[in-house]
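Notes for the one structure printed next.
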Amino acid sequence: MTPLGHRRLILTRHAKSAWDDPALADHDRPLNDRGRRSALALGDWMASRGYEPEEVLCSSAARTQETWAVIASAPLEVRPVLRIEPGLYQAGPERMLSVLKTATYPTVMMLGHNPGISEFAALLPARLPMDPDFRRYPTGATLVVDFQADSWSQIEPGQGSVMDFVRLDGRR
Numbered sequence: 001m002t003p004l005g006h007r008r009l010i011l012t013r014h015a016k017s018a019w020d021d022p023a024l025a026d027h028d029r030p031l032n033d034r035g036r037r038s039a040l041a042l043g044d045w046m047a048s049r050g051y052e053p054e055e056v057l058c059s060s061a062a063r064t065q066e067t068w069a070v071i072a073s074a075p076l077e078v079r080p081v082l083r084i085e086p087g088l089y090q091a092g093p094e095r096m097l098s099v100l101k102t103a104t105y106p107t108v109m110m111l112g113h114n115p116g117i118s119e120f121a122a123l124l125p126a127r128l129p130m131d132p133d134f135r136r137y138p139t140g141a142t143l144v145v146d147f148q149a150d151s152w153s154q155i156e157p158g159q160g161s162v163m164d165f166v167r168l169d170g171r172r
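Take the sequence shown: its position 37, counting from 1, is numbered 37 in full-length UniProt numbering, and each next residue is one higher.
Structure follows, in structure tokens:
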């Protein structure tokens, strides 16, 4: 939980998706085995650090929804409100910010896609993480960024403080 006057965003790119069915529409692609392992590791990582979303804003794509379902199987103490947001599918940073501003809980997780999510992540903090993978925001990458604000509607680019950045690729 975040203190009063604080907002925390957990910004996650979906885990690795399958490409083995060329007839399947992009929106409908599921995760592959590596993606499932990565999402499970991400859920465990979040639980171990107390990154517990109270609200999840998830793209309507199959791979983002499956990423969240696997993360949610981790031992998280909070069971968040899940909002499937069709507008997050292939959204750019402006649309992502617009959706975020509609959030109602102090700790929010947003699951989306590149290139929009990497551009959005780069806009949020006052200082970017020093991680070489940050700019490309690979599958499963997650940024945790805090804001000094009483509501999400007050959030603007460049106001956030990076708390964490991780990339768990599920290769085991």
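Every residue, glycine too, gets a C-beta built ideally from N, C-alpha and C.
Give the range of the alpha helix (DSSP H) segment to which residue 46 is assigned. The residue given as residue 46 occupies position 46 in the sequence shown. Unbroken alpha helix (DSSP H) run through residue 46: 33-49.
Spatial neighbours of residue 47 within its chain, please: CB distance less than 7 Å, with the 5 preceding and 5 following residues excluded, ordered by chain position. For the purposes of this step, residue 47 is taken as residue 47 along the sequence shown, with counting starting at 1. Only residues of its own chain outside the window of five on either side were considered, and among them 74, 75, 76 have a CB closer than 7 Å to the CB of residue 47, listed in chain order.
Determine, using beta-carbon pairs with one atom in the stretch 135-149 and one in the stretch 90-104, whether at least three such pairs fall under 8 Å. Contact annotation: the stretch 135-149 does not touch the stretch 90-104, with fewer than three C-beta pairs closer than 8 Å.
Please state whether DSSP places residue 155 in a helix, a strand or coil. As a first step, residue 155 is located in the sequence shown; it is residue number 155 there, counting from the start. It is coil, neither helix nor strand.
How many Å lie between residue 118 and residue 150 at the Cα? Numbered from 1 along the sequence shown, position 118 holds the residue referred to as residue 118. Numbered from 1 along the sequence shown, position 150 holds the residue referred to as residue 150. A direct Cα-Cα distance of roughly 25 Å separates residue 118 from residue 150.
Quick check: the Cα distance between residue 89 and residue 113, rounded to an integer number of angstroms? To locate residue 89, count along the sequence shown from 1; it is residue 89. To locate residue 113, count along the sequence shown from 1; it is residue 113. Near 7 Å, if we compare the C-alpha coordinates of residue 113 and residue 89.
Which whole-angstrom value describes the C-beta separation of residue 96 and residue 120, a residue pair presumed to lie in contact below a C-beta threshold of 8 Å? Along the sequence shown, one-based indexing puts residue 96 at 96. Along the sequence shown, one-based indexing puts residue 120 at 120. Residue 96 to residue 120, Cβ: 4 Å. Contact.
How many angstroms separate the CA atom of residue 108 from the CA atom of residue 21? Taking the sequence shown and counting its residues from 1, the one referred to as residue 108 is at position 108. Taking the sequence shown and counting its residues from 1, the one referred to as residue 21 is at position 21. The straight-line gap separating the alpha-carbon atoms of residue 108 and residue 21 is approximately 33 Å.
Please classify residue 19 as buried or exposed, where buried requires at least 16 other C-beta atoms within 10 Å of its C-beta. Along the sequence shown, one-based indexing puts residue 19 at 19. Of the residues assessed, residue 19 falls on the exposed side of the cut-off, its CB having fewer than 16 other CB atoms within 10 angstroms.
What are the start and end residues of the beta strand (DSSP E) that includes residue 85? In the sequence shown, residue 85 corresponds to position 85, counting from 1. 81-85 is the span of the beta strand (DSSP E), which, as asked, contains residue 85.
Measure the alpha-carbon distance for residue 67 versus residue 168 and round it to whole angstroms. By 1-based counting over the sequence shown, the position of residue 67 is 67. By 1-based counting over the sequence shown, the position of residue 168 is 168. Approximately 13 Å, taken between the alpha carbons.
Using the C-alpha atoms, what's the distance from residue 61 back to residue 29? Residue 29 sits at position 29 when you count from the first residue of the sequence shown. Residue 61 sits at position 61 when you count from the first residue of the sequence shown. Distance between the alpha carbons of residue 29 and residue 61: 8 Å.
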